[in-house]
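**Student:**
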Amino acid sequence: MKRILFSGLFLFVLLPGLLLGAEVTADTTTSHPVVLWQRLAAQLQQAQQTGNPIKCMTPHLLAAEQARRTGGIDAHNGSESGAYPPAVVNPDGTQNDQALTASVREARAYLTALQQYRAESPIEIANTETYISPSGRFRLEFTRTGSHAVPSADLDGSGIPDYIERAAEYADESYVYLIETLGYRDFLVPGSPYLFRFLNIDAYGYTQSQGETTFIAVHNTFEGFPPNDNPGGSQLGALKVTIAHEMMHAIQYVYNRFYWANFNVSLDWLEMDATMIEELVYDEVNDYYNYIDGSTSVFGNPNGSTPLAYEHVTWSLFYAEEIGLDFWVDVWEEIAGRPSTAQMTGVMRTVMQDRGLDFNTEFTRNHSWHAASGTLHLDGFGFQEAAAYPTPRRTFHFAFADSVRTLPQQTRARAAQYVVINEVASLVGEIGMTVSFTGSAAGAALMVVYQNGEYDVWQQTASGEASGGGGLRITTTARWEEARQVRLIFANPTDADQDITYSLEARQLPEQLTVLPNYPNPFNTTTTISFALPEPGFVTVDVYTVTGQRAARLVHGELNRGFYDIPFNARGLASGVYLYVVKTPTRVESGKMMFVK
11 MKRILFSGLF LFVLLPGLLL GAEVTADTTT SHPVVLWQRL AAQLQQAQQT
61 GNPIKCMTPH LLAAEQARRT GGIDAHNGSE SGAYPPAVVN PDGTQNDQAL
111 TASVREARAY LTALQQYRAE SPIEIANTET YISPSGRFRL EFTRTGSHAV
161 PSADLDGSGI PDYIERAAEY ADESYVYLIE TLGYRDFLVP GSPYLFRFLN
211 IDAYGYTQSQ GETTFIAVHN TFEGFPPNDN PGGSQLGALK VTIAHEMMHA
261 IQYVYNRFYW ANFNVSLDWL EMDATMIEEL VYDEVNDYYN YIDGSTSVFG
311 NPNGSTPLAY EHVTWSLFYA EEIGLDFWVD VWEEIAGRPS TAQMTGVMRT
361 VMQDRGLDFN TEFTRNHSWH AASGTLHLDG FGFQEAAAYP TPRRTFHFAF
411 ADSVRTLPQQ TRARAAQYVV INEVASLVGE IGMTVSFTGS AAGAALMVVY
461 QNGEYDVWQQ TASGEASGGG GLRITTTARW EEARQVRLIF ANPTDADQDI
511 TYSLEARQLP EQLTVLPNYP NPFNTTTTIS FALPEPGFVT VDVYTVTGQR
561 AARLVHGELN RGFYDIPFNA RGLASGVYLY VVKTPTRVES GKMMFVK
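For the sequence shown, my numbering begins at 11 and goes up steadily by one.
1. Helix, strand or coil: how does DSSP classify H407 here?
2. Am I right that E289 and H255 are in contact with their C-beta atoms under 8 Å? What's the rounded C-beta distance?
3. Three or more C-beta pairs under 8 Å: does that hold for the stretch 334 to 350 against the stretch 369 to 377?
4. Bridge partners for Y216 per DSSP, in chain order?
5. In this structure, does DSSP put G481 in helix, strand or coil?
6. Would you tell me roughly how many angstroms separate the C-alpha atoms of I170 and A163, rounded to the nearest one?
7. Determine, using beta carbons only, whether R149 and T155 come nearer to each other than 8 Å.
8. According to DSSP, simplified to helix, strand and coil, what is L209?
9. By a C-beta neighbour count over all protein chains shown, 10 Å radius and 16 as the cutoff for buried, is G215 buried or exposed?
10. What number of angstroms, rounded off, separates the C-alpha of S585 from the C-alpha of V323?
11. Terminal residues of the continuous beta strand (DSSP E) containing S446?
12. From the DSSP output, which residues share a beta bridge with H566?
13. What's the C-alpha gap between Y465 and G146?
14. Going by the DSSP bridge assignment, what does S600 pair with across the sheet?
15. So who's on the other strand from V525, going by DSSP bridges?
16. In its own chain, which residues sit with a C-beta less than 6 Å from the C-beta of T485, not counting the 5 before and 5 after it?
17. Quick check on T360: does DSSP put it in helix, strand or coil?
18. Which complete beta strand (DSSP E) runs does the stretch 447 to 512 hold, if anything under 3 residues is left out?
19. Could you say which of H229, Q245, G453 lies nearest to P236 if we only look at CA atoms?
20. Using CA atoms only, rank isn't needed, just tell me which of G481, E521, V598, V587 is closest to T550.
21. Less than 8 Å between CB atoms is the rule here; does V438 satisfy it with respect to chain B?
22. Tell me whether A425 sits in a helix, a strand or coil according to DSSP, three-state version.
23. Under three-state DSSP, which class holds G304?
24. Which of the three DSSP states is assigned to I261 in this structure?
25. May I ask you to verify whether the stretch 492 to 500 touches the stretch 453 to 472, counting CB pairs closer than 8 Å and requiring at least 3?
26. Tell me, please, which residues DSSP counts as bridged to Y141.
27. Do you know how far the Cα of Y292 is from the Cα of Q427?
28. Apply the 10 Å Cβ neighbour rule to G567 and answer buried if 16 or more other Cβ atoms are within range, or exposed otherwise.
29. Give the DSSP-derived three-state secondary structure of V341 in the structure shown.
30. Could you round the C-beta distance between G193 and V339 to whole angstroms and report it? I think they count as a contact, below 8 Å.
31. Determine the extent of the alpha helix (DSSP H) in which V295 is found, giving its start and end residues.
32. Might you give, ordered along the chain, the residues of its own chain that have their beta carbon closer than 6 Å to the beta carbon of V429, omitting 5 neighbours on each side?
33. Are three or more beta carbon pairs between the stretch 539 to 550 and the stretch 577 to 592 nearer than 8 Å?
34. Thinking C-alpha only, which one of S184, A213, V361 is nearest Q59?
35. In whole angstroms, what separates the C-alpha of P520 from that of N531?
36. If we count Cβ pairs, one from each stretch, closer than 8 Å, do we get three or more for the stretch 256 to 270 versus the stretch 183 to 202?
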């Protein structure tokens, strides 16, 4: 496993036994596009030298075009090379044909390599033939001779190579599923069959803009490509998922013309999205298994920031499986409404809010699903194919009640850490956990696998205080002495790294009403008041000022025996000391807390 690091993108290039990538840093909005472009050039050159395929050439073409627009290539020389049109019109009507200042000498090698893929100078193919798909929607251009020849087998004697007939079927099937079933916007131009070209290229395929539309190029044989699970063989499996993948790029182009406010990071989202579509359209192929078993996938490194192209495909797949297949359709509709300012996580938050969902909660559940995969999968929980997925990387801790533990490293932005506790026999009582964090929000989940093989999952999220940082507490009905294994998930749904610490609890009901210190204390706006009720009864929980005035009533009614965590929001109150009082018919307990705005 080899990685190429640079600021602004994590683009994986699929090579058998090798993945090349670059890690997203906090500087994604300020990194110079030419750096991204130059790194992609190196990846393409290595693919050409080794003969190993790039997963998708589309990001290379987009990055090179973006570099020309914003500082990578002199506009005159770019046009003179035949690789670029003299001007590009953005959705907002602006033109990007200004002279750019990067070294043309450094650009020429990549320009030359990419020129054959551009719409303005297409690869020349001798003896081209055309086949129209059964639906009439797609025009497939291919040849039977030369280096671009498709496999010649024609078992049905139709006169058309079986490879091309299968490709036409897959194009029709993908269109029906994506446009007619899921409801994405149509990318076809009425009265003009959409073009597929079959070429001997350094990639599975690519999607290229051409005027108001696009065309798709697909590898002409897929011989020697990585294996997949397709029942009809890996070559046809690669053909299936490549057509679905590239068709999703054609759909993306309809929504925003590949025009993003933060271009570098957007390439990862585009590839994650298109790779997820492969699984939705052709579930039986599982070509994406080639990407999710590496050390930079969510399974291999849950503490790696999303997005990462290809290897984070299961992060996107979670939302399709958990929320619904139409979730991502709604996301793209939201993107279309603000093409020049859309940021993917911001758009996702908006779409979830419209559905009555919370991004932080779903983000935490996303990582709970990943933590329950491979040998750690739980029947009836998580991904549909969880048992076939890799076992996630996790930290092993011993369980010590009331001992504060710090995670081994900061939890990265849009990432998580998993902890597994196997040594649980020494503890007695109900399992609980308190979490502290330094950022603006965090989530945590606690999974208990019992000795009989059954399991329970609890989850909680919290927002930090205005001054930064906060806490949350998870209480359960599970007991340590009944557990075989306890798993902890700590999720950071924010855009900044943060520190997270936790403390496990082994709680046993006392013989009388017991009130625990509120948490956090002091607090800004929100805190939690906890108490243990040894027997059922009528309970009131009130908050008073130091002068004896009641500021809030939190509980007033019958409660069963057990542990209770009551949230208190002090919004609207003055800063200062407050008393909380828990009262039953036989006992009164109180505590003191400090509210600091």
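Built from N, CA and C at the ideal position, the CB exists for glycine as well.
**Tutor:** By the coordinates alone:
1. When DSSP states are grouped into helix, strand and coil, H407 belongs to the coil group.
2. In fact, because the Cβ distance is near 10 Å, the residues do not count as touching under 8 Å.
3. no
4. DSSP output for Y216 lists A227 as bridge partner(s).
5. strand
6. 9 Å
7. no
8. In the three-state DSSP reduction, L209 falls in the strand class (E or B).
9. Its Cβ being crowded by 16 or more others within 10 Å, G215 is buried.
10. Distance between the alpha carbons of S585 and V323 is about 47 Å.
11. 440 to 447
12. T550
13. 52 Å
14. V591
15. BP columns for V525 point to F541.
16. G442, F573, D575
17. In the three-state scheme derived from DSSP, where H, G and I count as helix and E and B as strand, T360 is classed as helix.
18. 451 to 460, 465 to 473, 480 to 489, 493 to 502
19. Q245
20. V598
21. Chain labels in this structure do not include chain B; a single protein chain is all it has.
22. Strand at A425.
23. coil
24. helix
25. The answer is yes - the stretch 453 to 472 touches the stretch 492 to 500, with three or more Cβ pairs under 8 Å.
26. Residue pairing by DSSP places Y141 opposite L150 in a beta bridge.
27. 31 Å
28. Answer is exposed; the Cβ neighbour count stays below 16.
29. Of the three classes helix, strand and coil, the one that applies to V341 here is helix, per DSSP.
30. Approximately 5 Å separates the beta-carbon atoms of G193 and V339; this is inside 8 Å, confirming the contact.
31. That residue, V295, is in no alpha helix (DSSP H); it is neither H nor E in DSSP.
32. T405, H407, L498
33. yes
34. A213
35. 23 Å
36. The stretch 256 to 270, when compared against the stretch 183 to 202, does touch it at the 8 Å Cβ threshold.
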